[in-house]
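Data first, discussion second: the structure below is written as structure tokens.
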Amino acid sequence: MKMPKVNIKNLFAGLILVGSASFVTAQTTQTDSANSTATQAATTQQNPTIEGLKKQIETNPKDTEALAKLATIYQEASDWTNAIETWKKISVLLPDWAPSYYSQAYAYQSAKDDANAKMAYEKYVAAVKPEEVEQNKKNLAYAYFYIAFSEQQTDPNKAKEHIAKSLKYDPNNQDAIKLSKALNS
Numbered sequence: 004m005k006m007p008k009v010n011i012k013n014l015f016a017g018l019i020l021v022g023s024a025s026f027v028t029a030q031t032t033q034t035d036s037a038n039s040t041a042t043q044a045a046t047t048q049q050n051p052t053i054e055g056l057k058k059q060i061e062t063n064p065k066d067t068e069a070l071a072k073l074a075t076i077y078q079e080a081s082d083w084t085n086a087i088e089t090w091k092k093i094s095v096l097l098p099d100w101a102p103s104y105y106s107q108a109y110a111y112q113s114a115k116d117d118a119n120a121k122m123a124y125e126k127y128v129a130a131v132k133p134e135e136v137e138q139n140k141k142n143l144a145y146a147y148f149y150i151a152f153s154e155q156q157t158d159p160n161k162a163k164e165h166i167a168k169s170l171k172y173d174p175n176n177q178d179a180i181k182l183s184k185a186l187n188s
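Numbering (my numbering), first residue to last: 4 to 188.
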């Protein structure tokens, strides 16, 4: 009779320890993530090029060239929050400039914000002018692929349309070929 009680007590104590370890891991991960973000922000803020561009933009908030340079530097530093915010400013100033939406989508995707990435890719696709299609084929192919991939569970028919467009622009993309086969099987 004592044996089962001891085992149950040991099991209960073990579960408490495992639960505590998970809690500590979760807190550590969160703190490490926060420290990483803080370190990235501090690194980009100390960058003299960034500071110079910020001052230039303060003087002329509509300087889209300076904003694009700043957004690119943020992206290169993997400072996704600032990259996204800066690309959004450019999109407001130049709503018909497709590359700003593609760059926003890339930054959102890198930041693991899939819903906003999909929306930005959709804006990119809509913003590409007919005369710009040829020079944007690879980006269009990827944008359509991403949209199709995002929609495969919720709207398979739309996903099929998007993957067909992706393959139209890049018929050799192996990921798009695989997704097309999966959608059409």
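Note that CB positions come from ideal geometry on N, CA and C, so glycine has one too.
Predicted, not measured: the structure shown is a model, and the values here were computed from it.
- Taking a C-beta distance under 8 Å as the contact criterion, Q156 and L186 do not qualify as a contact pair.
- The Cβ atoms of A101 and E135 sit closer than 8 Å to each other.
- Of the other Cβ atoms in all chains shown, 16 or more fall within 10 Å of the Cβ of V128; this residue is therefore buried.
- For A114, no alpha helix (DSSP H) run applies, since DSSP gives it neither H nor E.
- Linking A162 to K57 through their CA atoms gives a straight-line distance of about 40 Å.
- The alpha-carbon separation between I60 and N119 amounts to approximately 26 Å.
- Counting along the chain, the unbroken alpha helix (DSSP H) around L70 starts and ends at 67-79.
- Counting along the chain, Q59 sits inside the alpha helix (DSSP H) bounded by residues 51-62.
- Between S169 and N160, the C-beta gap is not smaller than 8 Å, which leaves the two residues out of contact.
- If you ignore the 5 residues before and after Y104, its C-beta comes within less than 7 Å of the C-beta of S94, A123, K126, Y127, A130, all in its own chain and listed in chain order.
- At the C-beta level, K115 and I150 stay beyond 8 Å of one another.
- Just so you know, the alpha carbons of S113 and T62 end up roughly 30 Å apart.
- An exposed status is given to D158, since fewer than 16 other beta-carbon atoms sit within 10 Å of its beta-carbon.
- In this structure, the straight-line span from the alpha carbon of L97 to that of L143 is close to 19 Å.
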